[in-house]
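Single-structure report; data block below.
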Amino acid sequence: MVQLADAAFKIINLLDTIKEGARLDENCAMDTLLWMTRRNLETQFTLLSSDKDGAWIKPIETLAEPQGVFERLREALYEVWLLLTADDSKRKSVLQTLRWPLDQGYVERMTIDEEKFRKIIDWLSPCNFVQKQEVITDTPGTGSWFFASDEFESWLSGSTRWLWCHGIPGAGKTFIASKAVCELQKMHESEDTSVLIAFCSFDSPESQSIDHLVTALLKQIVQTRMVLPEGLEDMYSKHRACNTRPKIANVCLILGEAISRSTKVFIILDALGELPDDARRLNLLNILHGLKGNAKVLTASRKIESIAGRFSQEDIACDGCEKEDLDTYSHCEEEDLCQMIERQPNLRIRKQEAVFEGAQDMFLQAKFHMDAVADCLTIEEINEALDNSPQQINDTYDQAMARIAKLSHNRQRAVKKSLLWVSYAERGLTKEEVQHAMAISIGSREIKKEHFVNIKVLTSLAADLIVIDGDETVRLTHKTAEDYFSEKG
C-alpha cells in the first residue's frame, strides 16, 4: 500500500509539471483512473494516517489481496510512469497525443477493453462455482486429518498430479473439497497460483455439461490472472457473432495454454459421481488429463468402479466422520444450548457420543442430529432427542419431516409445498421462481407480490432439507434427500 501511494504521488508531481494539453471533458475524466487519483489520494492518505488505532485499515485489507484492486492499480500506475518518464523523443511523441493526463482515445480503449473483458467472462460459462464455494460453511479446526495425510502431502509437494477423495454419500466430501480450495489459496497467496473448482451438482443441468464445466475452469483462471489468453478474444468474436459455442477441443487448447503460463494451478473437482453416466465422467477425466501444463487435480466422489480404475494409489478414503471433526463442529453449534448443558456436566459428553455413534459415518447425518438437538428448549427434550437418534439417513429425513409436522398449519403447508416444487423440478429454482410457484393457487388468474413468501424464512422452517446456494438457487440439501423424496413419491 505504501508503494502504491508512493507511485501515485510521483505521478501526481510529474503531472503537475505538464503544461501542455487541454482538459478532458467530464465523461472522459470520470473514466480516467489518474484523475480520481490526483483529486483524492493525497488527502485520503493524509486523513487515514492520522487514525492512531489503525482501525481504518481493516475495511480495506481485502483490497490488498493478490490480484486485488491495489495490485492492479499499482501495475496501471507503473505503466503510466513508464510512459511519462521515457526519453525526450519518446516523451515528446507521447505528450503530443496527451490531454490531461492521457489521450482520450487511450482512455476510451481502456474502458472498452474492460467492458469486453467482462463480456467474455460472462459468455464463457453460466456456472459460478466460486460463488457456490464461498457459501459452503467452514468450521475452523476441521479437516486437518486430510491435509496432514501422506497422500495429500505427496500430491501437494511431490510429482503426483492426481488425488482422489472418495467416500459414501454424505461423508463430507464436498466440505473437504471446499476446505481444500481455502487451504491452497492460503498456502500460495503470495505466488502466481490459480486454484480452480468445479461442482457437478445433481440438480444443475449446467454443471452436468462437460462443456460448461471446462469453460468454467477457463473462466476462473482468466478472472484470477486478469489476462485474456491468446486466441480467446478471437474465439469469442467468432462465436458471439454466429450465436454458437466453441468446440471443447479448442477450449482445452486455450485452457492448457493459460495453465502452462501459471507457476502453479490446482483443479478441485467435486461430486464427479453426480454426472449421469460413466462415459461423461471418464470423458471429463480424460480432458483434464490431456491439458497442457502441470495442473494438479483433486477429485472427490462416491467410490465408483469406473472412476477407481483411473487411479492407482493416489486416493484418500473419506468413508467415515473423524471424531475430532465432529467434536469441533458440535462445540461450535452448541452455543444456544450452553446454559442448559452447563447445568448438566455429563450432557455434553453424552451428546457428542450419541451424535458420533448415530452418524453412521455420515457427516450429513451428524449435522441433522445436532440440528435436532439445537431445536430443544429443555434438558428433557435434549435427552429425548438423543435417545431417538435415527440410525439410517432415510430415518433422519423422516425425523426432519416430523419436525416440520409440528409447525403451525400455515407454515407446515408452505414448507411442504416448497418441498414439492424443489424436489420435482428438473433443475434448481431461483428464489423468485419459488416465490412465483408458491403464489399460485387453484382458481387464481394472476400472481400478486402480496402472495410472495420470504424464502429465507421458508428455508429456516424446512428442517435443513432446503438450502440456498451462493448463486441464489434453492435446492435440496443433498442428493440423498432427492432420493428420499423420489422413493416417497
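Per the UniProt record's numbering, residue 1 is the first one in the sequence shown, and the count goes up by one each step. Every residue gets a Cβ at the ideal spot worked out from N, C-alpha and C, and that includes glycine. These numbers were taken from a predicted model, which means no experiment stands behind them.
Three or more C-beta pairs below 8 Å linking the stretch 405 to 424 and the stretch 457 to 466: yes
Residue range of the unbroken alpha helix (DSSP H) whose run includes residue 301: Your numbering for residue 301 matches position 301 in the sequence shown. That residue, residue 301, is in no alpha helix (DSSP H); its beta strand (DSSP E) goes 296 to 301.
Residue burial classification, residue 279 (beta-carbon count within 10 angstroms, cutoff 16): The residue labelled residue 279 in the question sits at position 279 within the sequence shown. So residue 279 counts as exposed.
Whole-angstrom distance between residue 412 and residue 461, CA atom to CA atom: The residue labelled residue 461 in the question sits at position 461 within the sequence shown. The residue labelled residue 412 in the question sits at position 412 within the sequence shown. Their Cα atoms are separated by approximately 8 Å.
Alpha helix (DSSP H) segments (min. 4 residues) lying fully within the stretch 143 to 228: 144 to 147, 150 to 157, 173 to 187 and 210 to 225
Nearest-angstrom Cβ-Cβ length linking residue 291 and residue 259, presumed shorter than 8 Å: Translated into the one-based positions of the sequence shown, residue 291 becomes position 291. Translated into the one-based positions of the sequence shown, residue 259 becomes position 259. Residue 291 to residue 259, Cβ: 6 Å. Contact.
Residue 458, enclosing alpha helix (DSSP H) - first and last residue: By one-based count along the sequence shown, residue 458 stands at place 458. Looking at the DSSP string, the run of the alpha helix (DSSP H) that includes residue 458 is 455 to 461.
Status (buried if at least 16 other CB within 10 Å, exposed otherwise) for residue 242: The residue given as residue 242 occupies position 242 in the sequence shown. Per the 10 Å Cβ criterion, exposed.
Candidates 199, 456, 474 and 408, of which the one nearest residue 300 by Cα: Taking the sequence shown and counting its residues from 1, the one referred to as residue 300 is at position 300. Closest by alpha carbon: 199.
Straight-line Cα distance separating residue 396 from residue 487: The sequence position of residue 487 within the sequence shown is 487, counting from 1. The sequence position of residue 396 within the sequence shown is 396, counting from 1. If I take the Cα positions, the gap works out to 15 Å.
Cβ-Cβ separation, residue 152 to residue 163 (assumed contact under 8 Å), whole Å: Within the sequence shown, residue 163 is the residue found at index 163, counting from 1. Within the sequence shown, residue 152 is the residue found at index 152, counting from 1. About 7 Å; that satisfies the 8 Å criterion.
Coarse secondary structure for residue 291, derived from DSSP in three states: Within the sequence shown, the letter at position 291 stands for residue 291. DSSP places residue 291 in coil when its eight states are reduced to three.
Nearest neighbour of residue 363, chosen from 208, 187 and 478 [CA to CA]: The residue given as residue 363 occupies position 363 in the sequence shown. With distances taken between Cα atoms, residue 363 lies closest to 478.
Cα-Cα separation between residue 315 and residue 253, rounded to whole angstroms: Here residue 315 refers to the residue found at position 315 when the sequence shown is read from its first residue. Here residue 253 refers to the residue found at position 253 when the sequence shown is read from its first residue. When rounded, the distance between both Cα atoms is 28 Å.
Residue 449 - containing beta strand (DSSP E), residue span: Residue mapping note: residue 449 aligns to position 449 of the sequence shown, counting from 1. Neither: residue 449 is in no beta strand (DSSP E) and is coded neither H nor E.
Cβ contact (3+ pairs, closer than 8 Å) linking the stretch 173 to 185 and the stretch 128 to 136: yes
Sheet register partners of residue 315 (DSSP bridge): Along the sequence shown, read from residue 1 onward, the residue named residue 315 stands at position 315. Looking at the DSSP assignment, residue 315 forms a beta bridge with 164.
Outcome for residue 205 when other beta-carbon atoms lying within 10 angstroms are tallied against a minimum of 16: As a position in the sequence shown, residue 205 is number 205, starting the count at 1. Residue 205 is exposed by the Cβ-count criterion.
Alpha-carbon spacing of residue 369 relative to residue 240, whole angstroms: As a working mapping, residue 369 is identified with position 369 in the sequence shown. As a working mapping, residue 240 is identified with position 240 in the sequence shown. Distance between the alpha carbons of residue 369 and residue 240 is about 50 Å.
For residue 275, the first and last residue of its enclosing alpha helix (DSSP H): By 1-based counting over the sequence shown, the position of residue 275 is 275. No alpha helix (DSSP H) holds residue 275; DSSP gives it neither H nor E.
For residue 186 and residue 303, the rounded distance between their alpha carbons: Locating residue 303 in the sequence shown gives position 303, where the first residue counts as 1. Locating residue 186 in the sequence shown gives position 186, where the first residue counts as 1. Between residue 303 and residue 186, the C-alpha separation is close to 29 Å.
Terminal residues of the beta strand (DSSP E) in which residue 411 lies: Locating residue 411 in the sequence shown gives position 411, counting from the first residue. Per DSSP, residue 411 belongs to no beta strand (DSSP E); it is in the alpha helix (DSSP H), 409 to 424.
Residue 240: first and last residue of the uninterrupted beta strand (DSSP E) it sits in: Within the sequence shown, numbered from 1, the residue matching residue 240 stands at position 240. Where residue 240 is concerned, there is no enclosing beta strand (DSSP E), although the alpha helix (DSSP H) it sits in stretches over 232 to 242.
Alpha helix (DSSP H) segment containing residue 403, residue limits: In the sequence shown, residue 403 corresponds to position 403, counting from 1. It spans 393 to 405 - the alpha helix (DSSP H) in which residue 403 sits, taken as one unbroken run.
Integer Cβ distance of residue 501 from residue 269, believed to fall under 8 Å: Nothing in the structure corresponds to residue 501, since the chain is present only between 1 and 489.
Burial state of residue 113 (16 or more Cβ within 10 Å): Position 113 of the sequence shown, counted from the start, is the residue given in the question as residue 113. Exposed is the call here.
Straight-line Cα distance separating residue 170 from residue 375: If you number the sequence shown from 1, residue 375 lands on position 375. If you number the sequence shown from 1, residue 170 lands on position 170. Near 22 Å, if we compare the C-alpha coordinates of residue 170 and residue 375.
Cβ neighbours of residue 118 in the same chain (closer than 6 Å, five flanking residues each side left out): What you label residue 118 is simply residue 118 of the sequence shown in a count that begins at 1. If we look at residue 118 and ignore the five residues flanking it on each side, it has no Cβ neighbours.
Proximity winner among 442, 284, 294 and 293, relative to residue 307 (alpha-carbon distances): Looking up residue 307 in the sequence shown gives position 307. Nearest C-alpha to residue 307: 284.
DSSP state of residue 475 mapped onto helix, strand, coil: Here residue 475 is taken as the residue at index 475 of the sequence shown, counted from 1. DSSP places residue 475 in strand when its eight states are reduced to three.
Opening and closing residue of the alpha helix (DSSP H) in which residue 434 lies: Translated into the one-based positions of the sequence shown, residue 434 becomes position 434. Counting along the chain, the alpha helix (DSSP H) containing residue 434 begins and ends at 431 to 439.
Stretch pair the stretch 450 to 458 + the stretch 425 to 435: three plus CB contacts closer than 8 Å: yes
Separation of residue 178 from residue 366, as counted between CA atoms: Within the sequence shown, residue 366 is the residue found at index 366, counting from 1. Within the sequence shown, residue 178 is the residue found at index 178, counting from 1. Answer to the nearest angstrom: the Cα atoms are 19 Å apart.
Neighbourhood of residue 310 by C-beta, 6 Å cutoff - its chain only, sequence neighbours within 5 removed: Indexing the sequence shown from 1 puts residue 310 at position 310. The answer, listed in chain order, is 285.
Residue of 475, 275, 140 and 143 minimising C-alpha distance to residue 132: Position 132 of the sequence shown, counted from the start, is the residue given in the question as residue 132. Selected option, being the one with the closest Cα: 475.
Three-state secondary structure assigned by DSSP to residue 264: What you label residue 264 is simply residue 264 of the sequence shown in a count that begins at 1. Residue state, collapsed to three classes: strand.
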